[in-house]
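Note that the protein sequences, when read in sequence, are chains A, B, C, D, E, F, G, H, I and J.
For the record, in the first sequence the residue sitting at position 105 is 105 according to UniProt numbering, with numbers rising by one throughout.
For the record, in the second sequence the residue sitting at position 54 is 54 according to UniProt numbering, with numbers rising by one throughout.
For the record, in the third sequence the residue sitting at position 149 is 149 according to UniProt numbering, with numbers rising by one throughout.
For the record, in the fourth sequence the residue sitting at position 13 is 13 according to UniProt numbering, with numbers rising by one throughout.
For the record, in the fifth sequence the residue sitting at position 138 is 138 according to UniProt numbering, with numbers rising by one throughout.
For the record, in the sixth sequence the residue sitting at position 117 is 117 according to UniProt numbering, with numbers rising by one throughout.
For the record, in the seventh sequence the residue sitting at position 11 is 11 according to UniProt numbering, with numbers rising by one throughout.
For the record, in the eighth sequence the residue sitting at position 67 is 67 according to UniProt numbering, with numbers rising by one throughout.
For the record, in the ninth sequence the residue sitting at position 54 is 54 according to UniProt numbering, with numbers rising by one throughout.
For the record, in the tenth sequence the residue sitting at position 12 is 12 according to UniProt numbering, with numbers rising by one throughout.
We put the beta carbon where it would ideally sit given N, CA and C, even for glycine.
Only a predicted model underlies this, so the values are computations on that prediction, with no experimental measurement involved.
10 protein chains.
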Amino acid sequence: MVSSREEVTRLIIASKVRKGLKWQQVAEVVGLSKEFVTAGCLGQMTFNKTQAEALGDLFELPDEAVAWLQIVPYKGALPTAVPTDPLIYRWYEIVSVYGTTIKELIHEEFGDGIMSAIDFSMDIQREPDPKGDRVKVLLSGKFLPYKSY
Amino acid sequence: MVSSREEVTRLIIASKVRKGLKWQQVAEVVGLSKEFVTAGCLGQMTFNKTQAEALGDLFELPDEAVAWLQIVPYKGALPTAVPTDPLIYRWYEIVSVYGTTIKELIHEEFGDGIMSAIDFSMDIQREPDPKGDRVKVLLSGKFLPYKSY
Amino acid sequence: MVSSREEVTRLIIASKVRKGLKWQQVAEVVGLSKEFVTAGCLGQMTFNKTQAEALGDLFELPDEAVAWLQIVPYKGALPTAVPTDPLIYRWYEIVSVYGTTIKELIHEEFGDGIMSAIDFSMDIQREPDPKGDRVKVLLSGKFLPYKSY
Amino acid sequence: MVSSREEVTRLIIASKVRKGLKWQQVAEVVGLSKEFVTAGCLGQMTFNKTQAEALGDLFELPDEAVAWLQIVPYKGALPTAVPTDPLIYRWYEIVSVYGTTIKELIHEEFGDGIMSAIDFSMDIQREPDPKGDRVKVLLSGKFLPYKSY
Amino acid sequence: MVSSREEVTRLIIASKVRKGLKWQQVAEVVGLSKEFVTAGCLGQMTFNKTQAEALGDLFELPDEAVAWLQIVPYKGALPTAVPTDPLIYRWYEIVSVYGTTIKELIHEEFGDGIMSAIDFSMDIQREPDPKGDRVKVLLSGKFLPYKSY
Amino acid sequence: MVSSREEVTRLIIASKVRKGLKWQQVAEVVGLSKEFVTAGCLGQMTFNKTQAEALGDLFELPDEAVAWLQIVPYKGALPTAVPTDPLIYRWYEIVSVYGTTIKELIHEEFGDGIMSAIDFSMDIQREPDPKGDRVKVLLSGKFLPYKSY
Amino acid sequence: MVSSREEVTRLIIASKVRKGLKWQQVAEVVGLSKEFVTAGCLGQMTFNKTQAEALGDLFELPDEAVAWLQIVPYKGALPTAVPTDPLIYRWYEIVSVYGTTIKELIHEEFGDGIMSAIDFSMDIQREPDPKGDRVKVLLSGKFLPYKSY
Amino acid sequence: MVSSREEVTRLIIASKVRKGLKWQQVAEVVGLSKEFVTAGCLGQMTFNKTQAEALGDLFELPDEAVAWLQIVPYKGALPTAVPTDPLIYRWYEIVSVYGTTIKELIHEEFGDGIMSAIDFSMDIQREPDPKGDRVKVLLSGKFLPYKSY
Amino acid sequence: MVSSREEVTRLIIASKVRKGLKWQQVAEVVGLSKEFVTAGCLGQMTFNKTQAEALGDLFELPDEAVAWLQIVPYKGALPTAVPTDPLIYRWYEIVSVYGTTIKELIHEEFGDGIMSAIDFSMDIQREPDPKGDRVKVLLSGKFLPYKSY
Amino acid sequence: MVSSREEVTRLIIASKVRKGLKWQQVAEVVGLSKEFVTAGCLGQMTFNKTQAEALGDLFELPDEAVAWLQIVPYKGALPTAVPTDPLIYRWYEIVSVYGTTIKELIHEEFGDGIMSAIDFSMDIQREPDPKGDRVKVLLSGKFLPYKSY
């Protein structure tokens, strides 16, 4: 019996290791961006029936796992508040070092409010560079203003 | 006597409020991007002599404050490990929800290593959108591979 | 010199104690709901020039304090992650005990997404009740869906 | 053997996924509000014998699980003090940003005391809105005054 | 200028040390129990005008301090979540060691609900004992039941 | 094989749920107060051979479980430093709000020292009250003075 | 005005630095062990009138400081839960590494109970050793048994 | 398969409970102090081949467990940074209350440096006393000086 | 089924204990430094196919484990933010005591930037010394400068 | 009045900024390594009279500051348990990622024990490298074995 979304994530990752699949391939099967599909397979997003069944076929998941993929999960993928993994920590460091800068510049341009993390998309690309290739990340989030009432 | 970089930050912010300056204007005076200049004024980056003196003139800082701006600061701009400010929290949420996704996709493309937060730049822009303008952020960090030895 | 928004909050509260004002009266002077005005006076929201000047007159604030009220503050009003004040703790307890319930019911009705805390309003009223009056709180937040991309 | 209430919660959720039930339907079977029933099924509330047996029939629970549903549980549904799930976090953010405001306004109206989280009810509804539907939440808690003694 | 309730607490304690007063004497002046009066003087409870003025006379407080005593304070008297002071820690230890016992026995007698910490009183007495005097504490809190709705 | 005291606690609770026993009945079988017996069954106290065997008979425990009941356990019954369960939290709140008051009043009466949590007993009773029954708790702990040396 | 015991500690330490005193000399003036006197001067213990006045003369303290020394302080001398100072950390490490050992051996000898940290004394001596002198510490605490009731 | 040192500790404790052994007896079998042997059996110290085999015979451990006893373990025996068990907490309290005192007195006698927790031994004895027996603990640690370089 | 990298680490360690292997021997089989190979076997680094298969042969790992060794792991090897193991704690203490010193000296020599923990190598050697052998550790990390942009 | 070692650190740093001194120059004046002198100036080490007076002359410190430099300080230079400064964090990351590796390799070579952080020295050098200069750090700490007793 598959009794939680975490179990589905473990099934997917173990199957991916066994089959030597790449996330880009998984994304093509589902027909969405690699960023969204990976997040969903890692237990952070919800798939519709067609998408979940495509994943079920690809990863040879039991029917119950396919059902779980269509249920909204409890989100938050990191085991500690300050991440220990060096790659993920660098992102936390960007928030720590540049957080107040980001805040100042968005408020200067838009006023009081936030950049949405829900109406949001992300695109990760390799940027060739003779001094060493770079990771280029494009984030796009709707600005949501606080309004007085 | 100016006895710490935090004090310089407070002097700059109070002066900016009094004078009604914008970070974009400050950046133009210094001749660097608004992202770097704001981070520096908020105590996260180091300026060279010319840049520091330009800031000193603009914000009417005492000489000692101008000296502090040229000293590498203890970085980290947030008062708590999990930020409470809604705008900054959304960035932390992106790390929490998408962190493992970012990790998977960068490793898939580049192998084991990290995206540098030091050889790094950021560009924040308004992206007009009929359904509500968006905040567009471009992050660019050099990929640094782990090598076996 | 007024060097931070926290100082403005202290000035306002001390002035309110001295003058014996009520938040309802303050709200009427500003012309907004008592919920928004109180949050702003406690350093969580931003006022426009007219509103800030009205507050400056009412609380006899120095000009710099009036300037600070128009600057977006670093939000988050509680000194600890788990609040110690019994009234505020009861709200934290509601999140702790009912949090997963709220999540299930909103997802069941709306699908994956959140109830906005930005495009949001709150209304607090006394509800007379023969067995003891009740606090009635109406929260209204826009539903923001996660969309696949 | 069913050896804890957490196990009952897992059995209920897995059964709900398998059967494709909605909390609204579960609530109708039990004859209580969807808010109370969901909280109870998620291990936060206690059911009487009739209610527990109705749930046992609906979810095909073993007899011991039905017994557990009638035992007062150790409450608190979240895995971390600051919730990581974006939907639940927004509620925590409301407490963080508006907590002192709520405190001020309730004290202004009622004096020293709290809004009960025990003699308390909650009602969650969809509020249609041309600019995007809203989540409307009505909270009602008895005011309990501190009395001097 | 007296700008916070914490300052009033410091004024009261320093004055009490200077004058060599006992809390029992303070309580008699105010006309309430020593438990309530001490809690109030330590910044946890609210006094009415007459009581606050009596305290103002006794401790020679400025007028603003007397006003603050009538304002509901942000409660919570300990500097850390787990108290370091040995006397107070023993109480925390009782909660830690006996907490689940207290929960089981109250639920067995009363059903689901809590013992109120608001509609609550405490009485601390010396209990003479030939093997060493004891501290006898009587706690009385109204039982508040959870009700289904 | 029973490999820890926590397992014994789980066996006792599951057996108690199955058999529908009350702690008061358990206490009568053992011949001690319900407070001590409950704490012991929940893994906080140690029983002698006769008491442990009586519990073994009542709950149909294996011999090894009876041996574990006679071993001093690692105490501390709560899963988090700040308890999330509302009933137990109210006790933590009493420590938080009244902790310094308790400290002041015990020191005023007894001088420097503590109220023992070891040479300690507790008695929990229902106190009928027309305005709603109350939980009456009597705590008695030996005063232990700090002595200079 | 001396407004807290922490201030008295700072006055004592600054005076001790200025005058080049040793704790052993301070102890002789007060007529108690160096362990108790040092703990008291660092804000952890209470002195009687004669002792406090002797300290007042020695350290040239104002009268209010002498009064504070006779008031029971809020104890706990370390700024963090896990101490960062290497000397004090070694003691924390002993508790961490040997804590369960100490527990087992005391229970084996005495049964369930604790070694008192109140009816307690400590003696710190230099133990000459050709391989490098040692710190010899003798701790003596009354055993306090848990008793069933 | 025995896959960690923690498992060996569980096997030893369960076997000790079953066989009714005392640590003093275990120490005699191994030929070392009861303090060292207990710490080793609880997973904090390393045994040589002869010692490990003696323990294997006594506790009827599988060969792999005997191998694990000879491997240096990851040390630290407590489940939380601040221990919840009352006996162990009293030791933490000694560090908290007397920590700065211990630091001052060792520095006064020895200069800058630490008392080693590695070149260290401990001896726990019962000290008969007509007013109640005492736990006498002798700690001996080499002083290690910081040297300038 | 091998379902996580942690499981591979457990398999390797248990096999190493059973076979009595040394890390130096493992490193020779793989053909890399003992530092890198140990880190990889403990789940912190990634191996290529040849290296992973050599480890699979040596430790008799199942095929899936060999696949996992080639997947980038979630890094971070310690169970708590402040390590409890005395050997590892000493390194944390070096960071705590010398951290700001290291920062000052590197910035003085190189300007603003960091010493890379990615383009990094470590070499641990025994340094014979008549007063007691020493652990000699050589760390080498590329300096990465912050550049203004 | 200089009332704490932290104040001395602030005086030294402010003076160093004003005078544009380098740590290397400070070390030459004192006649010790730059590593030790910097650590001492930052409040982590103790100086003898001659060294302290040399620092007093160089930084134009008041006499009391010179006295404080000869007093053993409370060590620990970082404001948070997990450092936020990127340069210092990289060192924490080395402990986090390589900690268990360091432990395994030292134990393999030396047996159970630690590398001393007291009988310890550090040397930081620039290592020229055509691919970008490196920071070379040599750590040397005496091995201290655990011995059975």
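Exercise. For H:Lys19, count neighbouring Cβ atoms within 10 angstroms of its own Cβ and tell me buried if that reaches 16, exposed if not.
Key: The count along the eighth sequence starts at 1 and reaches residue 19 of chain H at position 19. Looking at its Cβ environment, which holds fewer than 16 other Cβ atoms inside 10 Å, H:Lys19 is exposed.
Practice problem: Measure the beta-carbon distance from D:Ile124 to C:Val135 and round it to whole angstroms, keeping in mind my assumption that it falls under 8 Å. | Solution: Position 124 of the fourth sequence, counting from 1, holds the residue named residue 124 of chain D. Position 135 of the third sequence, counting from 1, holds the residue named residue 135 of chain C. Not a contact, Cβ separation roughly 18 Å.
Exercise. Could you spell out the range, first to last residue, of the beta strand (DSSP E) harbouring C:Glu127?
Key: One-based indexing of the third sequence puts residue 127 of chain C at position 127. Start and end: 113–127.
Exercise. Identify every run of the beta strand (DSSP E) within the region 38–78 of chain H, keeping only runs that are complete inside it and at least 3 residues long; order them along the chain.
Key: Listed in chain order, nothing qualifies, since the region 38–78 of chain H has no complete beta strand (DSSP E) run of 3 or more residues.
Quiz item: Where does the unbroken beta strand (DSSP E) through G:Ser96 begin, and where does it stop?
Solution: Residue 96 of chain G sits at position 96 when you count from the first residue of the seventh sequence. Per DSSP, G:Ser96 belongs to no beta strand (DSSP E); it is in the alpha helix (DSSP H), 86–110.
Self-check item: Three-way DSSP call (helix, strand, coil) for A:Ser15 in this model
Solution: Within the first sequence, numbered from 1, the residue matching residue 15 of chain A stands at position 15. When DSSP states are grouped into helix, strand and coil, A:Ser15 belongs to the helix group.
Quiz item: Bridge partners of J:Leu144, per DSSP?
Solution: Taking the tenth sequence and counting its residues from 1, one reaches residue 144 of chain J at position 144. The partner list for J:Leu144 (beta bridge, DSSP) reads J:Ile114.
Quiz item: What's the call for H:Glu60, buried or exposed, on a 16-neighbour Cβ count within 10 Å?
Solution: Numbered from 1 along the eighth sequence, position 60 holds the residue referred to as residue 60 of chain H. By the 10 Å Cβ count, H:Glu60 comes out exposed.
Quiz prompt | One or two residues paired with A:Leu21 in a DSSP bridge | solution = Numbered from its first residue, the first sequence carries residue 21 of chain A at position 21. Per DSSP, none; premise fails for A:Leu21.
Quiz item: E:Glu75 touches chain C at which residues, Cβ-Cβ below 7 Å?
Solution: Looking up residue 75 of chain E in the fifth sequence gives position 75. The sequence shown places Lys at residue 75 of chain E, not Glu. Here the neighbours are Thr84, Asp85, Pro86.
Practice problem: From the DSSP output, in three-state form, read off G:Val82 for me. | Solution: In the seventh sequence, the residue the question calls residue 82 of chain G occupies position 82. G:Val82: coil per DSSP, three-state reduction.
Exercise. Check whether the Cβ atoms of B:Lys75 and B:Ser116 lie closer than 8 Å to each other.
Key: For the purposes of this step, residue 75 of chain B is taken as residue 75 along the second sequence, with counting starting at 1. For the purposes of this step, residue 116 of chain B is taken as residue 116 along the second sequence, with counting starting at 1. Taking 8 Å as the Cβ cut-off, B:Lys75 and B:Ser116 do not qualify as a contacting pair.
Quiz item: So is E:Ser3 in contact with chain C if we call contact Cβ pairs under 8 Å?
Solution: The count along the fifth sequence starts at 1 and reaches residue 3 of chain E at position 3. Answer yes: the Cβ-Cβ gap between E:Ser3 and chain C drops below 8 Å somewhere.
Quiz prompt | Length of the line joining the Cα atoms of G:Ser148 and D:Ala77 | solution = The residue you call residue 148 of chain G lines up with position 148 of the seventh sequence. The residue you call residue 77 of chain D lines up with position 77 of the fourth sequence. The alpha-carbon atoms of G:Ser148 and D:Ala77 are separated by roughly 34 Å.
Quiz item: So, H:Trp68 versus H:Val137, is the Cβ gap smaller than 8 Å?
Solution: For this step, residue 68 of chain H is matched to residue 68 along the eighth sequence. For this step, residue 137 of chain H is matched to residue 137 along the eighth sequence. Taking C-beta atoms as the reference points, H:Trp68 and H:Val137 fail to come closer than 8 Å.
Practice problem: Count the other C-beta atoms from every protein chain shown that fall within 10 angstroms of the C-beta of C:Gly31, then say buried if there are 16 or more, exposed otherwise. | Solution: The residue given as residue 31 of chain C occupies position 31 in the third sequence. The residue in question, C:Gly31, is exposed, as its Cβ has fewer than 16 Cβ neighbours within 10 Å.
Practice problem: Using a threshold of 8 Å, state whether the C-beta atoms of I:Trp23 and J:Val95 are closer than that. | Solution: Locating residue 23 of chain I in the ninth sequence gives position 23, counting from the first residue. Locating residue 95 of chain J in the tenth sequence gives position 95, counting from the first residue. Contact check for I:Trp23 against J:Val95 fails: the beta carbons are separated by 8 Å or more.
Practice problem: Compare the Cα-Cα distances from B:Leu11 to each of B:Tyr89, B:Met122, B:Lys131, B:Val66 and report the closest residue. | Solution: Here residue 11 of chain B refers to the residue found at position 11 of the second sequence. The candidate whose alpha carbon is nearest that of B:Leu11 is B:Val66.
Practice problem: Could you check which residue in E:Glu104, E:Asp133, E:Cys41, E:Lys49 has the C-alpha nearest to that of E:Ser15? | Solution: Counting from 1 along the fifth sequence, the entry for residue 15 of chain E is found at position 15. Here the closest residue by C-alpha is E:Cys41.
Quiz item: Between E:Phe110, E:Ile118, E:Ile114, E:Gly113, which lies nearest to D:Gly113 when the distance is taken from Cα to Cα?
Solution: The residue you call residue 113 of chain D lines up with position 113 of the fourth sequence. If we check each option's Cα against that of D:Gly113, E:Ile118 comes out closest.
Practice problem: Quick one: measure Cβ to Cβ for G:Ile81 and H:Thr101, integer angstroms, because I've assumed they're closer than 8 Å. | Solution: As a first step, residue 81 of chain G is located in the seventh sequence; it is residue number 81 there, counting from the start. As a first step, residue 101 of chain H is located in the eighth sequence; it is residue number 101 there, counting from the start. Before going on, a small fix: residue 81 of chain G reads as Ala here, not Ile. That pair is no contact at about 18 Å.
Quiz item: If you draw a straight line from the alpha carbon of H:Gly111 to that of J:Val72, how long is it in whole angstroms?
Solution: Taking the eighth sequence and counting its residues from 1, the one referred to as residue 111 of chain H is at position 111. Taking the tenth sequence and counting its residues from 1, the one referred to as residue 72 of chain J is at position 72. Roughly 8 Å between the two C-alpha positions.
Quiz prompt | Cβ-based neighbour list, C:Glu127, same chain, cut-off 8 Å, excluding 5 preceding and 5 following | solution = In the third sequence, the residue the question calls residue 127 of chain C occupies position 127. Only Asp133, Arg134, Val135, Lys136 meet the Cβ criterion.
Quiz prompt | Proximal residues to I:Leu144 (C-beta, below 7 Å), its chain only, five neighbours per side dropped | solution = For the purposes of this step, residue 144 of chain I is taken as residue 144 along the ninth sequence, with counting starting at 1. Closer than 7 Å at the Cβ level, and outside the excluded window around I:Leu144, lie Gly113, Ile114, Ser116.
Quiz item: Is any beta-carbon of chain C found at less than 8 Å from that of F:Ser96?
Solution: Taking the sixth sequence and counting its residues from 1, the one referred to as residue 96 of chain F is at position 96. Output row for F:Ser96: interface = yes.
Practice problem: Taking only beta-carbon positions, decide if G:Gly31 is within less than 8 Å of chain H. | Solution: Indexing the seventh sequence from 1 puts residue 31 of chain G at position 31. Not closer than 8 Å to any Cβ of chain H, the Cβ of G:Gly31 fails to qualify, so no.
Exercise. Round the Cβ separation of I:Gln25 and I:Lys49 to the nearest angstrom and send it over; I've been treating them as touching at under 8 Å.
Key: Reading the ninth sequence from its first residue, position 25 is the one you call residue 25 of chain I. Reading the ninth sequence from its first residue, position 49 is the one you call residue 49 of chain I. Going by Cβ atoms, the distance from I:Gln25 to I:Lys49 rounds to 21 Å, so no, they are not a contact pair.
Quiz item: Secondary structure at F:Val2, three-state DSSP: helix, strand or coil?
Solution: Locating residue 2 of chain F in the sixth sequence gives position 2, counting from the first residue. The answer is coil: DSSP assigns F:Val2 none of H, G, I, E or B.
Practice problem: Would you identify the three-state DSSP class for F:Lys136, choosing helix, strand or coil? | Solution: As a first step, residue 136 of chain F is located in the sixth sequence; it is residue number 136 there, counting from the start. Note: F:Lys136 maps to strand in three-state DSSP.
Quiz item: Is D:Lys131 helix, strand or coil when you go by DSSP?
Solution: Your numbering for residue 131 of chain D matches position 131 in the fourth sequence. In the three-state reduction of the DSSP assignment, D:Lys131 falls in the coil class, being assigned neither a helical nor a strand state.
Practice problem: Just mark G:Lys131 as buried or exposed, buried being the case when its beta carbon has 16 or more other beta carbons within 10 Å. | Solution: Locating residue 131 of chain G in the seventh sequence gives position 131, counting from the first residue. Burial check for G:Lys131: the Cβ neighbour count within 10 Å stays below 16, so the residue is exposed.
Quiz item: Count the other CB atoms within 10 Å of the CB of I:Glu93; is the residue buried (16 or more) or exposed (fewer)?
Solution: The sequence position of residue 93 of chain I within the ninth sequence is 93, counting from 1. It is buried - the Cβ of I:Glu93 has at least 16 other Cβ atoms within 10 Å.
Quiz item: Can the beta-carbon of I:Gly99 be found less than 8 Å from the beta-carbon of J:Pro83?
Solution: Numbered from 1 along the ninth sequence, position 99 holds the residue referred to as residue 99 of chain I. Numbered from 1 along the tenth sequence, position 83 holds the residue referred to as residue 83 of chain J. Cβ atoms of I:Gly99 and J:Pro83: closer than 8 Å.
Quiz item: Using the beta-carbon of each residue, which ones in chain I are nearer than 8 Å to H:Ile71?
Solution: Taking the first residue of the eighth sequence as 1, we reach residue 71 of chain H at position 71. The answer, in chain order, is Val17.
Practice problem: Examine chain E for any beta-carbon lying closer than 8 Å to the beta-carbon of G:Glu28, and answer yes or no. | Solution: The count along the seventh sequence starts at 1 and reaches residue 28 of chain G at position 28. Taking 8 Å as the CB threshold, G:Glu28 stays off the interface with chain E.
Quiz item: Under a CB-based cut-off of 8 Å, is H:Ala14 close to chain F?
Solution: Start at 1 with the first residue of the eighth sequence, and residue 14 of chain H comes out as number 14. With 8 Å as the cut-off, H:Ala14 counts as an interface residue toward chain F.
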